[in-house]
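**Student:** Sharing a structure here in structure tokens format.
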Amino acid sequence: IGGALMGVVASFPAIRSAFTSLTSATRNASGRKIGSDELSLKVVVIGTIASVIIFFFASYLTPGVTIFQAVLSSVVGTIWLGVAGLIVAQSTGMTDISPMSGMALISVTLMMFILNNNVAAAMVVGVAVCVAIGQGADMMQDLKTGFLVGARPVKQQLAQFCVTWIGAIVAIMVIVLKVRLDGSR
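In our numbering, the protein residues as written are 1 to 185.
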């Protein structure tokens, strides 16, 4: 955990650079707003709100979690998801290495502290953060490949948002099917 935290501290300059790049990406040299080849900020805001809501319900529906703990874990989990996503995307983009294990360790540790050592609730949020930052690393790889072949990032991002949820549904359905098949024997 200490090594993962030091990795986060060491990546602060890269995070600041990423924020600077994000804010200046839609402006030309004179500071005028230009058309963007990225998804709008509206998508990020809607995603952030959805993340807080989903984290809240995922935490609150876990036995032993109070409303206050669920609110706190949803806000902290969403903030950590954003920071971890930036770190993983930056690392993947620059080095092709994804430090997911360290980010997941930090998220589970944070949630264990917030949720009074409720292992089940901490794992729910930790797994959600890990899956989300894994998707961020995957998106970065796809954007790098798309750049090489001349693709437009906004079209790649839209395609990913339209189909990325299918994997989770298929995985859950396979587990349900397996449980039913094993139960019928």
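Backbone N, C-alpha and C define an ideal beta-carbon position, used for all residues, glycine too.
(1) Note down the Cα distance separating I49 from T62, rounded to an integer number of angstroms.
(2) If you drop the 5 nearest sequence neighbours on each side, which residues of the same chain put their C-beta closer than 7 Å to that of S98?
(3) Give a yes or no on contact between the region 53-70 and the region 119-134, applying the rule of three or more CB pairs nearer than 8 Å.
(4) Do S74 and V44 have their C-beta atoms within less than 8 Å of each other?
(5) Kindly indicate which three-state DSSP category R16 falls into: helix, strand or coil?
(6) Measure from the alpha carbon of N116 to the alpha carbon of each residue in L72, G82 and M94, then state which is nearest.
(7) Who are the Cβ neighbours of A120 in its own chain at under 6 Å, not counting the five residues just before and after it?
(8) Distance check for G146 and I166, CA to CA, integer angstroms please.
(9) With respect to the alpha helix (DSSP H) encompassing T92, which residues constitute its N-terminal and C-terminal limits?
(10) Using only the alpha-carbon positions, how far apart do M173 and L181 sit?
(11) Check whether the Cβ atoms of L86 and A132 sit closer than 8 Å, and answer yes or no.
**Tutor:** The relevant details are as follows:
(1) 20 Å
(2) V88, S91, T92 and A137
(3) yes
(4) no
(5) helix
(6) L72
(7) T62
(8) 22 Å
(9) I67 to T95
(10) 12 Å
(11) no
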